[in-house]
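Q:
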Amino acid sequence: MHTNKSSLLYISLLFVIPILFVGCTQLKTPVESPKVIDTDKKMDEAEITTETMVHPEDWAIIKPLPLDPAIEAQIDELLPKLTLEQKVGQVIQADNGSITPEELKKYRLGSILSGGNSAPGPLSYADSKTWLAKADEYYNASIDPEGVEVAIPYIWGIDAVHGHTNLRGAIVFPHNIGLGAMHNPDLIEKIASVTAHELTVSGHDWTFAPTLAVPQDLRWGRSYEGFSEDAAIVKSYADRIVYGLQGHVGSSDFMGDGHVISSAKHFLGDGATENGVDQGDAKISEKELRDIHAAGYYSAIPAGVQTVMASFSSWEGRKLHGDKELLTDVLKGRMGFNGFVVGDWNGHGQVPGCTNTDCAASLNSGLDMYMAPDSWKGLYESTLQHVKDGTIPMTRLDDAVRRILRVKIASGIFTKGAPSTRKNAGDENLLGLPKNRAIARQAVRESMVLLKNNGGVLPLDASKTIMVIGDGADNIAKISGGWTLSWQGTGHTNDEFPNSQTVLDGIKKAVNTAGGKVIFSANGDSNEAADVVIAIYGEDPYAEFQGDLENLDFVPNGFDTNTLDKFRSKGIPVVSVFLSGRPLWVNPEINKSDAFVAAWLPGSEGGGISDLLFKRDPSYEFTGSLSFAWPNNAVVSPDLATRESTKLFELGYGLNYQNEVIIDQLSEDSGLENTEVVSTGVFFNKGAAVAPWNLGLKTGDLNKQIGSFPTSVGGLLVSKTDHTAQEDALRMNWTLPDYDQLLISAASPSNMSRQTNGAMELTFFAKSFKTNDATVKIGMCSEDATCDKTLDIKIVANEWREYRISLSCFASLGVDMSKISSAFMITAGEGADIGLSQIRLESDIDAKPGCSGM
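Numbered by the working numbering, the letters in the sequence shown go through residues 37 to 890 in order.
1) Quick one: what's G574 bridged to in DSSP?
2) Give the straight-line distance between the Cα atoms of F745 and M768, rounded to the nearest whole angstrom.
3) The beta strand (DSSP E) that contains D869, what's its start and end?
4) Counting only the same chain and skipping the five closest in sequence on each side, list residues whose C-beta sits under 8 Å from that of S43.
5) At a cut of 8 Å, does the segment 658-672 reach the segment 217-225 through at least three beta carbon pairs?
6) What residue from F685, N587 and A579 has the CA that sits closest to I626's CA?
7) On the CB-based measure, 16 or more other CB atoms within 10 Å of its CB, does L772 come out buried or exposed?
8) Sorry if obvious, but does the Cβ on M218 come closer than 7 Å to a heavy atom of the ligand MN?
9) Just how far apart, CA to CA, sit G372 and K99?
10) Considering only the alpha carbon of each residue, which of V812, I97, V672 and G644 lies closest to K544?
11) Check the DSSP bridge columns for T26 and list the partner residues they point to.
12) Around the Cβ of L63, are there at least 16 other Cβ atoms within 10 angstroms (buried) or fewer (exposed)?
13) Can you have a look at L362 and say buried or exposed, based on whether 16 or more other CB atoms are within 10 angstroms of its CB?
14) Please report the straight-line C-alpha distance between E417 and L120, rounded to a whole angstrom.
15) In angstroms, rounded to a whole number, what distance separates the CA positions of L467 and G199?
16) Taking the C-alpha atoms as reference points, what is the distance between V671 and D589?
17) Starting from Q701 and walking both ways along the alpha helix (DSSP H), at which residues does that stretch end?
18) In angstroms, rounded to a whole number, what distance separates the CA positions of L367 and L637?
19) Give a yes or no on whether the C-beta atoms belonging to K825 and F801 are separated by under 8 Å.
20) For I179 and L115, what's the separation of their Cα atoms in angstroms?
21) Name, in chain order, the residues that DSSP records as bridge partners for M430.
22) Look at L766 and F860 and say whether their C-beta atoms are less than 8 Å apart.
23) State buried or exposed for V52, treating a residue as buried only when at least 16 other CB atoms are found within 10 Å of its CB.
24) Output needed for P534: all residues of its chain with C-beta closer than 6 Å, excluding positions within five of it in sequence on either side, in chain order.
25) Across the segment 612-626 and the segment 270-289, are there enough close Cβ pairs to call them in contact, namely three or more that are closer than 8 Å?
26) Quick check: the segment 167-174 against the segment 421-435, are there 3 or more CB pairs under 8 Å?
27) Is E234 buried or exposed, if buried means 16 or more other CB atoms sit within 10 Å of its CB?
28) How close, in whole Å, do the beta carbons of K855 and S818 come, if the pair is a contact with beta carbons under 8 Å?
29) Could you give the distance in angstroms between the alpha-carbon of A109 and the alpha-carbon of S536?
30) Kindly indicate the opening and closing residues of the alpha helix (DSSP H) around Q126.
31) CB V250 to CB H302, shorter than 8 Å?
32) Check the DSSP bridge columns for F720 and list the partner residues they point to.
33) Report the residue ranges of all beta strand (DSSP E) runs contained in full by the segment 295-358; include only those spanning at least 3 residues, in chain order.
34) Using DSSP's beta-bridge definition, name the partner residues of C817.
35) Provide the residue span of the beta strand (DSSP E) that contains S150, from first to last.
36) Go ahead and label D410 buried or exposed: buried means 16 or more other beta carbons lie within 10 angstroms of its beta carbon, across all protein chains shown.
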């Protein structure tokens, strides 16, 4: 699910996590969280606060789809034959990077998933043969009858959210935000059908799609996974995607060849979290939760969606993974959902009173299958014990297993045979079929929104000399965004995208066909004469959590947009093609452009952009319109009226070639000048601790705050030294074998659960001043803990190097990441002489735990 950025980028990336160190999911004075379950009580004894009480009777009733008597009879026959251990296994899903086929056979888990970076093999993605080989191993292990009366086949799920993007050669469709701008449910169904078709080539059974979030704050890093801020658009797409993925319930094509299980996600309200914080808290009324954020489910459930994924987030302080009223009373009761509810990546561990390896509350609340990627074994043991001692009633376990078996039988998994033997399996000639690429290219055309076209610059004359600039022109990874080949989608080259076309290649084909000339200058430093300039630039790829922003100011990254002024000063028209996962404040860039196109994240058919820039067919026209309003200010106000007054382009705005709309000079006041920017992801920088963090020393029971330098405690001497600037680093010299500590601590503990689950890393620069390497102990300390859970890190001699430690490494040691009192602790033995600087949290490019620091 889950490159190393510059120091400026890590600050800009991480200060976006608002008020990180006063509780990540409750950013203001929190509503008292309901006690969803006391592990010593049954679920019906849970205490719910009056202020956040759900009223199921106010939710519209969906008549449940009729159950298939033959399937129910088969379940009735199977259930008594399953051992208790098998039943517990069925309700747990592990990541393929954390479980072997032998373990799958032993524990009889119900499902395997592949996170964004956990494909079999050395890469974050794989070819179909590699996928199928592993799929067969798991399948054969799951149906091995040894030791059981009946064996249940597993199902393999993956996030194919804009095409099967972890399969080499598969089509990468535009992200949902672009598809929402199409306003074309028929095309959405075709896209889902192609995605399902390509999933069957690699042997996958299940995709975690569609996303039915209705994002209300564009600072959310998952905004591009939402089709629109308008619930009506989301609802109009939901059923059509389900049909495309699964087929139509009751028809011969339902779950037949070329179809896969779908999952509506994330239930519920993930698009409404306060300040757009991923995994945050939606502080909204029940009416808004019901009428806006549940809209897509009122379309997907009647269409027969087989699974629903619970949200990481909370509603009014209530973690959705532990909310019985919403998961059971509303979703399964009023909304008639008779498939199964799957969790999100260790989301159960965020329920109050739970951990990743122990959470009876989630199952009792209505979760049917835990997504426990790396925690599955401990969770299996604790869940088994909870059933044995009655904390989890057998009736609840049987209901969950029944729902899982219902979906598995309906999917045909019991009769399909090994993945490699199924129709389409391994036939890579079926990937990127011309007819399917044409669907993707049509989606690119229909998703583009023309925001400005002063003087009718578009369409361009392809017979002219066209200069193409910008870092997005020849970069498929950039135009595809996150969830592409890897979780964050970064660091990939064009040769990793067979069956694809860059924007540059699409332009070249159009211009060469018309007899024109293309000049390509990525950074725009060419002085060659040109008739027009096309600039392709925008956001770099990102995915959930790591894409959260503090404001909507577009900060140019791989391309300096000031370069556009050079061409306009020469009278050369400039056309900007803006790549982004959300509307951003780009008034300066719009002012520098004669025409400005919101291209979103178009995916692997970059040629679709040239289709409209040059109107390559008489029938082509800009038909896309905004499914999210475009901001006229970088500051997102919590006040709805203020937000309404700062819209540059309204929902539904979009020009065509004929519109004679002149966009005058826009204000370039971002609104940020008087706002306070807090870099909450930085603990120590420029020689000082960053508030609310403080430097301190500890020897034995003695604690000492550092007020000035040099200073000492016990045998630890601390002074200033230079790293990149004068006295911007610390120098620590241990003169005694007492392992005295330097700590960076805060008065109040901080909840870093989200950061741990979001694949963040504790990052710092260090060097040994001695001629030999030095081993130090690095820790993060829970509240009231002794700070003795540490990792040994080797610091290289005579050279400043960056060291990165996954937060999950500390969690694995038993550190309570929800109550971090010291974000950094370092200690060493006698003789160690260490320099230290720039201590902060950073994104992990591969989301694979690295505990050595290297």
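Just so you know, even glycine gets a beta-carbon here, dropped at the ideal spot from N, CA and C.
All values reported here derive from a predicted model rather than from experimental measurement.
A: By the coordinates alone:
1) In DSSP, G574 forms a bridge with L615.
2) Distance from the CA atom of F745 to the CA atom of M768, rounded to whole angstroms, is 11 Å.
3) D869 to S879
4) Unreliable placement is indicated for S43, whose pLDDT of 32 sits below 50; the coordinate value is still reported in the next sentence. Hits under 8 Å: Q874.
5) yes
6) F685
7) exposed
8) Looking for the ligand MN in the displayed structure turns up nothing, as the structure carries no ligands at all.
9) 6 Å
10) G644
11) Residue 26 is absent from the model: the chain starts at 37 and stops at 890.
12) In this prediction, L63 has a pLDDT of 25, which is less than 50 and means its spatial position is unreliable; what the coordinates show is noted afterwards. Buried, since its Cβ has 16 or more Cβ neighbours within 10 Å.
13) buried
14) In this model, E417 and L120 are separated by some 12 Å (Cα to Cα).
15) The alpha-carbon atoms of L467 and G199 are separated by roughly 11 Å.
16) 8 Å
17) From DSSP, Q701 is part of no alpha helix (DSSP H); its letter is neither H nor E.
18) 32 Å
19) no
20) 16 Å
21) For M430, which the question treats as bridged, DSSP gives no partner whatsoever.
22) no
23) Note that V52 scores a pLDDT of 32, beneath 50, so its modelled location is shaky and nothing firm can be said.
24) Answer for P534: G205, listed in chain order.
25) no
26) Taking 8 Å as the limit for Cβ pairs, the verdict is that the segment 421-435 does not touch the segment 167-174.
27) So E234 ends up on the buried side.
28) 5 Å
29) 47 Å
30) Per DSSP, Q126 belongs to the alpha helix (DSSP H) from L120 to Q126.
31) no
32) A725 and I875
33) 299-303 and 343-346
34) In the DSSP output, where bridge partners are listed per residue, C817 has S858.
35) S147 to S150
36) buried
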